[in-house]
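Everything in the sequence shown is counted per the numbering used here, starting at 4 for the first residue and increasing by one.
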Amino acid sequence: MKNWEFSFSHLSIKQKAFLKKNDPKGSERLNNILKSLRDNPRMGIGKPERLKYKEQEMWSRRLDKKNRVIYEIHEIENLIVVVSCMGHYED
Numbered sequence: 004m005k006n007w008e009f010s011f012s013h014l015s016i017k018q019k020a021f022l023k024k025n026d027p028k029g030s031e032r033l034n035n036i037l038k039s040l041r042d043n044p045r046m047g048i049g050k051p052e053r054l055k056y057k058e059q060e061m062w063s064r065r066l067d068k069k070n071r072v073i074y075e076i077h078e079i080e081n082l083i084v085v086v087s088c089m090g091h092y093e094d
């Protein structure tokens, strides 16, 4: 099993703080998704889906009906970059 590291975009840091302050259940769900990502970024909770037509290996997971966690997988570096955790793809 790989030891995945996380990096967060500036946007995702702001969104994570917003969820923590304004949506405790959403924040808890996000934390559960992040734990699942650490185990396996391609399988787990939130219905993982690889995004098509992206140069980088990008995936999404459902946070709730309206929001998705969007992240990149950098296999060689064992790195997961969380791009966004609110909105729906490019919203």
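C-beta atoms are modelled at their ideal positions from N, C-alpha and C, and glycine is treated no differently.
Note that the coordinates shown come from a computational prediction; the quantities given were computed from them, not determined experimentally.
| Asked | Found |
| --- | --- |
| Where R41 sits in the DSSP three-state scheme | helix |
| Under 8 Å between C-beta atoms of I73 and S63 | yes |
| Cα-Cα separation, I83 to A20 | 19 Å |
| Buried or exposed (CB count within 10 angstroms, at least 16 for buried), R32 | buried |
| Cβ distance (whole Å) where L54 is taken to contact M61 below 8 Å | 4 Å |
| Which of helix, strand or coil DSSP assigns to L82 | strand |
| Run of the beta strand (DSSP E) containing I16, from where it starts to where it stops | Careful: I16 lies outside any beta strand (DSSP E), inside the alpha helix (DSSP H) at H13 to N25. |
| Element boundaries [beta strand (DSSP E), containing I48] | First-last for I48: undefined, no H or E at that position. |
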